[in-house]
Amino acid sequence: MTRPSPRRARGLLCGIGLLLLGLNPAARAAQFTVGELMAALADTTHGTASFTEHKYISMLDLPVESSGELLFVPPARLEKRTLTPKVETMVLDGDTLTIERRAQKTVFQLRDYPEVAGMILGIRATLAGDRKELERVYQLDLEGSRERWTLVLTPLDGRMTRVVARIRMEGTREEVRTVEIQLTDGDRSVMSIRKKGSP
4 MTRPSPRRAR GLLCGIGLLL LGLNPAARAA QFTVGELMAA LADTTHGTAS FTEHKYISML
64 DLPVESSGEL LFVPPARLEK RTLTPKVETM VLDGDTLTIE RRAQKTVFQL RDYPEVAGMI
124 LGIRATLAGD RKELERVYQL DLEGSRERWT LVLTPLDGRM TRVVARIRME GTREEVRTVE
184 IQLTDGDRSV MSIRKKGSP
């Protein structure tokens, strides 16, 4: 049997390595970093998006469905307008959360509700591409490629971990398409988002 020259052997090994890299999803995912995702999200032009949300609650046999519109105005204003089944508006502006339904308005300061604040701020910080804010509250785990990625946020704060187990987001390029919030009691919500003009 003829032994290949050292140069040819190195070439064969490199070729095999590249082949394995191409077959290994985890290796491909490593090429798309949290920094790249955050930069893409920060650079995108935000507008109005439609959403459909399903809430899975242990005491109910069927999920609760709602739909409406989302609007994010960087860096700190996030609006969620629920149109069905009941009209409700939630506006997060800075650290103030305002909820309005049936002509009744309630105002909260997020600092007074840290376990809820982290959940809401995590979503807003992701849309803004604010990695520093996210890493202050969460451990970030990213899988996939630029074309199809999954970002999992695991809370670090003890008060928040009593309520939220994790937040899982899926998207393509600079668009967040799905937000799933898993609570520690087993309840969860799944929101599908479609930016206007997206396929």
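Just so we're aligned: 11 in the numbering used here is position 8 of the sequence shown, and the numbers increase by one with no gaps anywhere. A virtual CB, placed ideally from N, CA and C, is assigned to each residue, including glycine. Since we're looking at a predicted model, the values are computed, not measured.
Inset, instruction - Would you kindly work out how many angstroms separate the C-alpha atoms of Glu68 and Ile196, rounded to a whole number? - result: 14 Å
Legend entry - Within 8 Å, strictly: CB atoms of Glu91 and Arg80: At the C-beta level, Glu91 and Arg80 stay beyond 8 Å of one another.
Inset, instruction - Going by CA-CA distance only, name the one from Leu145, Pro78, Tyr59 that's closest to Ile184. - result: Tyr59
Legend entry - Selected residue, minimal CA-CA separation from Gly174, among Arg162, Thr187, Val119, Glu146: Glu146
Legend entry - Inter-residue spacing [alpha-carbon to alpha-carbon] between Pro88 and Thr55: 11 Å
Legend entry - Which residues DSSP lists as bridging Arg84, in chain order: Paired residues: Glu72, Thr92.
Inset, instruction - Output yes or no for whether 8 Å exceeds the beta carbon distance between Pro158 and Gly121. - result: yes
Legend entry - Spatial neighbours of Gly38 in its chain, beta-carbon cut-off 8 Å, leaving aside the 5 residues before and after: Arg134
Inset, instruction - State buried or exposed for Lys108, treating a residue as buried only when at least 16 other CB atoms are found within 10 Å of its CB. - result: exposed
Legend entry - Residue span of the beta strand (DSSP E) that contains Gly125, given as start and end: Run containing Gly125: none in the beta strand (DSSP E); it sits in the alpha helix (DSSP H), 117-131.
Legend entry - Limits of the beta strand (DSSP E) - the one that Met109 falls within: Position check: residue 109 holds Thr in this sequence, whereas Met was assumed. Its beta strand (DSSP E) spans residues 107-112.
Inset, instruction - Leaving out five residues on either side along the sequence, give the residues of the same chain with a beta carbon under 6 Å from the beta carbon of Gly189. - result: Ser61
Legend entry - CA-to-CA distance, Val193 to Glu136, given in whole angstroms: Answer to the nearest angstrom: the Cα atoms are 23 Å apart.
Legend entry - Residue range of the alpha helix (DSSP H) that includes Gly50: Careful: Gly50 lies outside any alpha helix (DSSP H) and carries neither H nor E.
Legend entry - Bridge-paired residues (DSSP) for Thr181: According to DSSP, Thr181 bridges with Glu173, Ser195.
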